[in-house]
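Following: one structure in structure tokens, then a few remarks.
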Amino acid sequence: MPVKVSMTVNGKPVAAEVEERTLLVTFIRENLRLTGTHVGCDTAQCGACTIHMNGNAVKACNMLAMQAEGADILTIEGVAAADGTLHPMQEAFREHHALQCGFCTPGMVMSAIDLVKRHPKPTEAVVRAELDGNFCRCTGYHNIVKAILDAAPKVAAMR
Amino acid sequence: MGSLNFIGASVKRKEDYRFLTGGGQYTDDVAPERATYAVFVRSPHAHARIRKVDTAKAAKAAGVLAVYTGEDVAKAGINGLPCGWLITDVNGQPMKEPPYPVLAQGKARYVGDRVAVVIAETYNQAKDAAEQVEVDYEVLPAVTDTASARKKGAPAVHDIAPDNTCYVWALGDKAKVDEAFKAAAHVTKLEFVNNRLIPNAIEPRSAIGAYSRADDSYTLYVASQNPHVERLLMTAFVLGLPEHKVRVVAPDVGGGFGSKIYLYGEDVVVTWASKQLNRPVKWTAERVESFMSDAHGRDHVTTAELALDKDGKFLAMRVHTTANLGAYLSTFASCIPTILYATLLAGQYTTPQIYCEVTAVFTNTAPVDAYRGAGRPEATYVVERLVETAARETKIDPAEIRRRNFIRSFPYQTPVALLYDTGNYEATLDAAMKLGDVAGFAKRKEEAAKRGRLRGLGYSCYIEACGIAPSNVAGALGARAGLFEAGEVRVHPTGKVTVFTGSHSHGQGHETTFAQVVASRLGIPVEDVDIVHGDTSKILFGMGTYGSRSLAVGGTAIVKAVDKVIAKGKKIAAHLMEAAEADVEFADGVFKVSGTDKQVPFAQIALTAYVPHNYPLDKLEPGLNENAFYDPTNFTFPAGSYVCEVEVDPDTGKTTIESFVAVDDFGKVINPMIVAGQVHGGLTQGIGQALLEGCRYDPETGQLVTGTMSDYCLPRAGDVPSFKLDTRETPCTHNPLGVKGCGEAGAIGAPAALMNAITDAVGVRDVPMPATAETVWRALASKKAA
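Going line by line, the protein sequences match chains A and B. For reference, each letter of the first sequence is one residue, going 11 to 169 in the working numbering. For reference, each letter of the second sequence is one residue, going 9 to 794 in the working numbering.
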């Protein structure tokens, strides 16, 4: 049975008719063609699909599109300013070479922004523990940790 | 203009903006019109005869367009997947090469072997229908364990290899080695397993075949490290298609680490099927498929011995290894535990005699091929565990025993075929010991003991051979491919430059590093140079990226093309300035007549080449576009010293890495920021092997026990420390950039450093990898019991 879903994605209202079993990540990638949100493991371990739903980081591969009915969704495509200026977290990732192949990067950035929201002054140990749900196979996390520690006060200053 | 030299500058990456904003385009992001979706039916058994595949129900399911089996691809004349390296065994016989069909024929030989494919209008329809394919299996006994594969009575994976032996291969003078062992004052012997790993690039493999009836051509989008090789193997050997009618595009690729070098059956099936259906066919692996069917790495069982004289000088090394190749020969499987392993056993030392015998076996497991380091991590593990153990046994300081045996004069011919061009091993060891404050270790150990912790320190002084070459020597050793690289430098009329490279970037940052090289050589801004890779329709040819070869081989091809551009530019400049060509010099982006103030900037030469009004048309073609192929004369030899310090909690066995120091000699460094990133990543994969990762097949059923990210333990941010890095520089002597390669070093050097530190902390000879808390706790318990 197809169902209607509607939500706000990156500030724009969207609606579509989808199969009930459609995952939120599939809806974002296939229906909306926002392909920055990636699927790395299908089972909520790798974090490549991390998005924000109503302001909190969630793994879009592990919920149905239906469960996001009426939600306010932010994907990586909506993080930079409208003129293309990078968010301070994105800028810190660039500055510190916190990405290589780029596949985990969107999920990593979404998690990182959520992390500093919850821990405005994180220590290295807090950052490492909080990144538990995001795998990166390229960087060894070294520069990701550096980038997040560097970005934290700048992101805090945005609010 | 002198500031336009970017060699050694940490230029921020050109590729980052698109990756940070969701603008990357990976294979699964490509959405062709009228796409169909493929789902593979995979064997749930490690070894089974396929009595019948009943596709009738699946074929009738909603949205299904086709179901193909092994019989269908056989009928279509599709050949098996070829192996790119012929190993000749100790008796002069070629290795056993069983057929490697794209869909299983007659038998399934590992859990995850492709048995059928279902193609439907939507992914969900294909997935539903795949469950309706009924396969009648006769389950057979399976062998998955490396050490048991040759045991009498072990089930044969292939009829042509009844003893499961692909080859027995050897390198070195056995008689001389045996002689040296007899004369030794001390012999150190270790037996260990180099644990099997599953690469797990975060982007799963993906392939989209798209046939165009309009011009009878194919396009394959694929997550590949080497699109031209993929095309060559697929067209010439498997599908028999005209090469010029097939375009292979490897767009942004989300990590490879070796696992995306190979031609896989899925790639062939979607390409072929797209013509049968006259529609694009898309397949993307689920993570469980990555675990089951990506080529795995390592998996050696080794006995290794080191003979020393009374002063701790190494006299000889003797190594016997059994290497697991899995169920089929993957593209480069055969050369990994041989050519890329035994040749590295000299390490950084003057060991005069080395003998290595490798028995390669088939088992009912996923094919095993190159994974980051490919043979060299296994070799380094053998050498550096032996050396450290020998030091402990002979009561010589482990750094000192290494110094007594370092190679100090170059070029150096090892007894295992390689000719090291340059190096300075003492320099990296000195730097690593200083950075790691080895002098203060005893105090830290004491302090840790007061807290009830066991502190240990371990070294690893690795060498690797990168940029495998030259082609003719590799050919004589069995390579069935060339090992050069190609590049093209296209100067546009405005002086902007597009560079086409046969190397492929899947995280390494070529778009930045290569642009730095070209911009520096031409004296133009980095922003004026773009790098294009990963598309056979744009790039003249390419061997791709593996073995840390991109800058040393691919970069050199580009440099050669740039130099041709400059040479032609001099001719144009000579004409414009009415000077003799021999008097024209090029530096900092300007052509000058030496000894005069006459000069023309690069951009003006470019414009002149494309608007050839005042131009020597009688002697020179217009345009400014040059190609080059480069076949290196030798490998490059990066080397370095790692020092790792750990603490073990004796109550739980848990190991914490307190400090990890890596000092590498990669020759000339173009972008230190990118190089450090490569080292961080390599170290973490090496730490993963040593502490966390280990592929397990159930010995009874052959089931893959570590088949998900919750069963197979990949390193997370909390498992690794921040690293302390430094570099030393002895430029490579045989390429113009003086570069050696940096992508694999960390994964090569790290496991031995870590295991040397853990065994030091615990006070035992050996702990098997991965040194999980349980494993270390058991080692402590058995030590106490003894």
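Cβ coordinates follow ideal geometry from the N, Cα and C atoms, glycine included.
- For L584 (chain B), there is no enclosing beta strand (DSSP E); the residue is part of the alpha helix (DSSP H) that begins and ends at T564 to L584.
- Contact between the segment 43 to 59 of chain A and the segment 24 to 37 of chain B is present, with at least three C-beta pairs closer than 8 Å.
- Contact annotation for E30 (chain A) against chain B: no contact, minimum CB-CB distance about 11 Å [criterion: below 7 Å].
- S51 (chain B) has its alpha-carbon roughly 17 Å from the corresponding atom of D80 (chain B).
- Residue state for Y151 (chain A) is assigned as coil, using DSSP reduced to three classes.
- With a threshold of 7 Å between beta carbons, V669 (chain B) makes no contact with chain A.
- The CB of I678 (chain B) never comes closer than 8 Å to any CB in chain A; the least such distance is about 14 Å.
- Between the alpha carbons of V507 (chain B) and V125 (chain B) lies a gap of roughly 39 Å.
- In chain order, H688, S730 and F731 make up the part of chain B whose C-beta sits under 7 Å from the C-beta of H152 (chain A).
- Counting only unbroken stretches of 4 or more residues, the alpha helix (DSSP H) elements lying wholly within the segment 494 to 566 of chain B are 518 to 530, in sequence order.
- Residue contact with chain B for D124 (chain A): absent (no Cβ-Cβ distance below 7 Å to any residue of chain B).
- Here E396 (chain B) has P406, G466, Y467 and N764 as same chain residues with Cβ atoms under 7 Å from its own Cβ, once five neighbours each way along the sequence are excluded.
- Cβ contact annotation for G689 (chain B) (same chain, cutoff 7 Å, sequence separation greater than five): G754, in chain order.
- Within chain A, no C-beta atom comes nearer than 9 Å to that of Y720 (chain B); the closest sits roughly 10 Å away.
- The three-state reading of DSSP puts V68 (chain A) in strand, counting E and B together.
- The shortest C-alpha to C-alpha distance from C148 (chain A) to any of A:A108, A:V137, A:E134 and A:V136 is the one to A:A108.
- Separation of the CB atoms of G577 (chain B) and F599 (chain B) is rounded to 6 Å, and the pair is thereby assigned contact status at 8 Å.
- R295 (chain B) carries a helical assignment under DSSP once its states are collapsed to helix, strand and coil.
- Interface criterion not met: the Cβ of L84 (chain A) is under 7 Å from no Cβ in chain B.
- Using a 10 angstroms sphere on the CB of E454 (chain B), the tally of other CB atoms stays under 16, which defines it as exposed.
- A Cβ of chain B is located within less than 7 Å of the beta carbon of G50 (chain A).
- Here the alpha carbons of T738 (chain B) and D673 (chain B) stand approximately 7 Å from one another.
- Scanning B:P375, B:R380 and B:L316 for the CA closest to the CA of I362 (chain B) turns up B:L316.
- Following the DSSP letters along the chain, one finds Y650 (chain B) inside the beta strand (DSSP E) bounded by residues A647 to V656.
- Within chain A, no residue has its CB atom less than 8 Å from the CB of H742 (chain B), the nearest being about 28 Å off.
- Taking 7 Å as the cut-off, the Cβ atoms of A725 (chain B) and R138 (chain A) count as close.
- Contact between the segment 158 to 166 of chain A and the segment 91 to 100 of chain A is present: 3 or more CB-CB pairs across the two stretches fall below 8 Å.
- According to the DSSP assignment, S282 (chain B) belongs to no beta strand (DSSP E) but to the alpha helix (DSSP H) extending over G273 to L285.
- At a cut-off of 7 Å between beta carbons, P130 (chain A) makes no contact with chain B.
- Take A781 (chain B), set aside five residues on each side of it, and the residues of its chain with a beta-carbon closer than 6 Å to its own are T660, G661 and K662, in chain order.
- Assignment of G117 (chain A) by DSSP, reduced to helix, strand and coil, places it in the helix class.
- Judged by beta-carbon spacing, A614 (chain B) lies within the 7 Å limit of G503 (chain B), meaning their Cβ atoms are closer than that value.
- Under the Cβ criterion of 7 Å, M300 (chain B) is not counted among the residues facing chain A.
- Taking H328 (chain B) as the centre and dropping the five residues before and after it, the same chain places the C-beta of T311 and E365 closer than 6 Å to its C-beta, in chain order.
- If the five residues before and after D144 (chain B) are omitted, its C-beta is found closer than 7 Å to the C-beta atoms of R59 and K60, all from its own chain and listed in chain order.
- The residue from B:D591, B:P707, B:M103 and B:Y379 with its alpha-carbon nearest to that of T152 (chain B) is B:P707.
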